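Below: one structure, written as structure tokens.
Protein chains: 2
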Amino acid sequence: MSELKNDLFLRACRKEPVERTPIWIMRQAGRYLSEYKKVREKADFITMCQTPELAAEVTIQPVDVIGVDAAIIFSDILVVPQAMGMEFQMIESKGPVFPHPIRNEEDARNLKDIDPAKDLKYVLDAVSLAKKELDGRVPLIGFAGSPWTLLTYMVEGKGSKNFSYVKKMVYNNPQLAHRVLDKLAVAVAKYLSAKIDAGANAVQIFDTWGGVLSPSDFEEFSLRYITKVISEIKRNREPVIVFSKGVHHSLDKLSNTGADVIGLDWTMDLGEVRKKIGGKVALQGNLDPTVLYAGENKIREEAVKVISSYGEGSGHIFNLGHGILPDVDQEKAKALVQIVKEESKAVHRRDAKTQRF
Amino acid sequence: MSELKNDLFLRACRKEPVERTPIWIMRQAGRYLSEYKKVREKADFITMCQTPELAAEVTIQPVDVIGVDAAIIFSDILVVPQAMGMEFQMIESKGPVFPHPIRNEEDARNLKDIDPAKDLKYVLDAVSLAKKELDGRVPLIGFAGSPWTLLTYMVEGKGSKNFSYVKKMVYNNPQLAHRVLDKLAVAVAKYLSAKIDAGANAVQIFDTWGGVLSPSDFEEFSLRYITKVISEIKRNREPVIVFSKGVHHSLDKLSNTGADVIGLDWTMDLGEVRKKIGGKVALQGNLDPTVLYAGENKIREEAVKVISSYGEGSGHIFNLGHGILPDVDQEKAKALVQIVKEESKAVHRRDAKTQRF
Numbered sequence: 000m001s002e003l004k005n006d007l008f009l010r011a012c013r014k015e016p017v018e019r020t021p022i023w024i025m026r027q028a029g030r031y032l033s034e035y036k037k038v039r040e041k042a043d044f045i046t047m048c049q050t051p052e053l054a055a056e057v058t059i060q061p062v063d064v065i066g067v068d069a070a071i072i073f074s075d076i077l078v079v080p081q082a083m084g085m086e087f088q089m090i091e092s093k094g095p096v097f098p099h100p101i102r103n104e105e106d107a108r109n110l111k112d113i114d115p116a117k118d119l120k121y122v123l124d125a126v127s128l129a130k131k132e133l134d135g136r137v138p139l140i141g142f143a144g145s146p147w148t149l150l151t152y153m154v155e156g157k158g159s160k161n162f163s164y165v166k167k168m169v170y171n172n173p174q175l176a177h178r179v180l181d182k183l184a185v186a187v188a189k190y191l192s193a194k195i196d197a198g199a200n201a202v203q204i205f206d207t208w209g210g211v212l213s214p215s216d217f218e219e220f221s222l223r224y225i226t227k228v229i230s231e232i233k234r235n236r237e238p239v240i241v242f243s244k245g246v247h248h249s250l251d252k253l254s255n256t257g258a259d260v261i262g263l264d265w266t267m268d269l270g271e272v273r274k275k276i277g278g279k280v281a282l283q284g285n286l287d288p289t290v291l292y293a294g295e296n297k298i299r300e301e302a303v304k305v306i307s308s309y310g311e312g313s314g315h316i317f318n319l320g321h322g323i324l325p326d327v328d329q330e331k332a333k334a335l336v337q338i339v340k341e342e343s344k345a346v347h348r349r350d351a352k353t354q355r356f
Numbered sequence: 000m001s002e003l004k005n006d007l008f009l010r011a012c013r014k015e016p017v018e019r020t021p022i023w024i025m026r027q028a029g030r031y032l033s034e035y036k037k038v039r040e041k042a043d044f045i046t047m048c049q050t051p052e053l054a055a056e057v058t059i060q061p062v063d064v065i066g067v068d069a070a071i072i073f074s075d076i077l078v079v080p081q082a083m084g085m086e087f088q089m090i091e092s093k094g095p096v097f098p099h100p101i102r103n104e105e106d107a108r109n110l111k112d113i114d115p116a117k118d119l120k121y122v123l124d125a126v127s128l129a130k131k132e133l134d135g136r137v138p139l140i141g142f143a144g145s146p147w148t149l150l151t152y153m154v155e156g157k158g159s160k161n162f163s164y165v166k167k168m169v170y171n172n173p174q175l176a177h178r179v180l181d182k183l184a185v186a187v188a189k190y191l192s193a194k195i196d197a198g199a200n201a202v203q204i205f206d207t208w209g210g211v212l213s214p215s216d217f218e219e220f221s222l223r224y225i226t227k228v229i230s231e232i233k234r235n236r237e238p239v240i241v242f243s244k245g246v247h248h249s250l251d252k253l254s255n256t257g258a259d260v261i262g263l264d265w266t267m268d269l270g271e272v273r274k275k276i277g278g279k280v281a282l283q284g285n286l287d288p289t290v291l292y293a294g295e296n297k298i299r300e301e302a303v304k305v306i307s308s309y310g311e312g313s314g315h316i317f318n319l320g321h322g323i324l325p326d327v328d329q330e331k332a333k334a335l336v337q338i339v340k341e342e343s344k345a346v347h348r349r350d351a352k353t354q355r356f
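Protein chains in written order, with numbering that gives the first Met the number 0: chain A, 0 to 356; chain B, 0 to 356.
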């Protein structure tokens, strides 16, 4: 990674010494940024995903505008089921929609194996282009949905409150659920491997809906396939991050999946989780995203709480506990990045010393 | 409580010996029941709440139809803000709506103190009537929303995903939030006291949205007011149950609020929680509500897991980990009740012996 001018993020993922805590923000390439909205005026969401020049442009914006320590490729987790043959729409008022959800064996049979180099070439091109345009300023993160999270969207067909259809599948036809999850795990592993091959310095798996399962169902229907994905990713030293929202009950199991970093939502106590699994993995998170509605003093107070909760030493990547909200003032996001850069130096003084001598 | 023919629920709340685990189901008087839907055809939701005869009728249905060990008065948590002067609508496709939400000092000033005997007479009449019609078959539960959960609806004005407005209030005008929460705590305590006075044998506080707060915000904006409510309820031996969804981080604190029973959602491990706080309180829960989409064998398997997880001895009230879903087959709910009645005897053999001799 010697070509990177700022490799703080990668060092923290590997728990190597850092001078300060690196920060990036989930959904940092998004609607809260005026620069993003300007691009979005010219093209709809799916077109932006599918046009490498536009995707690369908005990927780099938060590095320029708010000063984060890593870029994450602009895309959507649902490009994978789309590549597997599912028609996919993004409806402004409703969010993502699959007009023909997977409800039975026949629906599932239509899902094809993917070849990322062909079926998701546009994402890989965006990765290469963003990597080139970043020119080593910060690392680039690739991402995918976890098999379970992809399955929920594919079966529900749209956003859901109770996840009735996918839970019915899980309880009444678990074999079918397992077959699709296995297929998704293979696809996700191939996809993330291809992103690393195209230049991603790290990858994150979003298990956004892991938390709607009971602990034993989580283990059977989500954790197992996250583990499979991680074991099949082709990588050198690129870290794998798993963000599993609401999965307070299985952090120890998550730390044994082969992941290098576990992302935490804002209901977790970072210090306590560090005591439990910090010996095995680095931790990412976990400021309540709504704290960015507050004034700068409150943002500083809460950011310092997060930094202090993790405490001294490396292995912490600052982030929100979920994606940044679209109605946040971008100046607040900028202020947060600056605050973390300033305030986190104190917890790394010994690391800095170790490095200096 | 000698007038009750079945007081298993109350004994379990007090951790007294029982012959089997009692069961009731959150939202048991609801749309999954054909008998309920018949009543609902004649009157809209708010009219049903406001008509003691109808409210009492649907309150008793689950006792007759599915055989639960407790009735819970049919009502809505939002009758309290309505009684405080807020216009309240129930829109079929959108859920509850307050057309004039509380967003500033002036809005808040319009909230009046309530006198339950006048402002919520229709609920108290429904309680008395249901109590009379139950004729001692099972205990009757009264309920209210927690101050925090009521505040979220009053500030958001409708269901919310990110709770942006109430979080903005909490971070930018915490004094206002505290003032309204305090007023709500007083109102809720009076209301629950009046329900007990009208005949409720126990009360439950629903903190449905406690889990959207970080642990420290939960303590400041929800827990504090739950504690205040409980300390101000006028009661004799009537147990208080607190159900706080998603609050995995503060179970120990919840067990110190003065509550007799803590309700758990389905992401918690009942056995582990018992180890932590079972010495102080009884526990209620926590089957994943979507398990009722499964076949009877799977329902039995999962119900037995919940019973075994709590283990031997009293202090467990079986329930779902959240409300029953409206599209569940009522025969499944009936089957669950039967299963719990049969399968839980094994964990109470020693209790039964103690009682017999």
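Yeah, the Cβ is synthetic: ideal placement off N, Cα and C, and Gly gets one too.
Being a predicted model, the structure only gives us computed values, none of them experimental.
- In the three-state scheme derived from DSSP, where H, G and I count as helix and E and B as strand, Asp268 of chain A is classed as coil.
- Secondary structure at Gln27 of chain B: coil, using DSSP grouped into helix, strand and coil.
- If you draw a straight line from the Cα of Ala281 of chain B to the Cα of Gly310 of chain B, it is about 13 Å long.
- Shown here for Thr46 of chain A: same chain residues with a beta carbon closer than 8 Å to its own, the five before and five after excluded, namely Leu53 in chain order.
- Nearest C-alpha to Gly257 of chain A among A:Leu212, A:Gly270, A:Lys41, A:Gln203: A:Gln203.
- Nearest CB-CB separation between Gly294 of chain B and chain A: below the 8 Å threshold.
- Taking CB atoms only, Gly270 of chain A has no neighbour in chain B less than 8 Å away.
- Restricting attention to alpha helix (DSSP H) runs no shorter than 4 residues, the stretch 228-295 of chain A encloses them at 250-253, 269-276, ordered along the chain.
- When beta bridges are read from the DSSP output, Phe142 of chain B appears opposite B:Gln203.
- Leu324, Asp326: these are the residues of the stretch 320-334 of chain A whose beta carbon lies less than 7 Å from some beta carbon of chain B, given in chain order.
- Using beta-carbon distances, Trp23 of chain B does not count as an interface residue toward chain A, since no partner is under 8 Å.
- Among the residues of chain A, those whose CB is under 7 Å from the CB of Ser213 of chain B are Trp265, Thr266, Asp287, following chain order.
- Non-local beta-carbon contacts of Ser254 of chain B in its own chain, meaning distances under 7 Å to residues more than five positions away in sequence, involve Ile261, Ile276, Lys279, Val280 in chain order.
- Collapsing the DSSP output to three states places Ile113 of chain B in coil.
- Contacts with chain A at 8 Å (Cβ-Cβ) do not include Val339 of chain B.
- With respect to chain A, the C-beta atom of Tyr170 of chain B has a partner C-beta closer than 8 Å.
- In this chain, the alpha helix (DSSP H) harbouring Met168 of chain A covers 163-171.
- Assigned with DSSP and collapsed to three states, Leu133 of chain A falls in helix.
- Under a criterion of Cβ atoms nearer than 8 Å, the residues of chain A adjacent to Gly245 of chain B are, in order, Gly245, Thr266.
- Of all alpha-carbon atoms in A:Gln49, A:Gly320, A:Pro100, the one lying nearest the alpha-carbon of Leu149 of chain A is that of A:Pro100.
- Bridge pairing for Pro95 of chain A: A:Met89 [DSSP].
- Bounds of any beta strand (DSSP E) do not take in Ile45 of chain B; it lies within the alpha helix (DSSP H) bounded by 44-49.
- Here the C-alpha atom of Lys41 of chain B lies approximately 36 Å from the C-alpha atom of Val228 of chain B.
- For the pair Tyr31 of chain A and Val327 of chain A, the CB atoms are nearer than the 8 Å cut-off.
- For Leu319 of chain A, no alpha helix (DSSP H) encloses it; the enclosing beta strand (DSSP E) starts and ends at 315-319.
- By the rule that beta-carbons nearer than 8 Å mark a contact, Lys252 of chain A does not touch chain B.
- For Asn109 of chain B, not one C-beta of chain A is nearer than 8 Å to its own C-beta.
- Residues of chain A whose Cβ lies closer than 8 Å to the Cβ of Asn318 of chain B do not exist, since the nearest Cβ in that chain is about 14 Å away.
- Classified as exposed, Lys160 of chain A has fewer than 16 neighbouring CB atoms from the shown chains inside 10 Å of its CB.
- Exclusion of the five residues before and after Trp265 of chain B leaves Gly284, Asn285, Leu286, Asp287, Pro288, Leu319, Gly320, His321 as the residues of its chain whose Cβ lies within less than 8 Å of its Cβ.
- Between the alpha carbons of Val179 of chain A and Ala82 of chain A lies a distance of about 14 Å.
- Annotation: the continuous alpha helix (DSSP H) that includes Asp106 of chain B extends over 104-108.
- Buried is the label assigned to Asp259 of chain A, since at least 16 other Cβ atoms lie within 10 Å of its Cβ.
- Contact residues of the stretch 186-217 of chain A toward chain B are Gly210, Val211, Leu212, Ser213, Pro214, Ser215, Asp216, Phe217 (C-beta to C-beta distance below 9 Å).
- In the three-state reduction of the DSSP assignment, Ala70 of chain B falls in the strand class.
- Under the Cβ criterion (8 Å, minimum of three pairs), the stretch 165-183 of chain A does not count as touching the stretch 120-134 of chain A.
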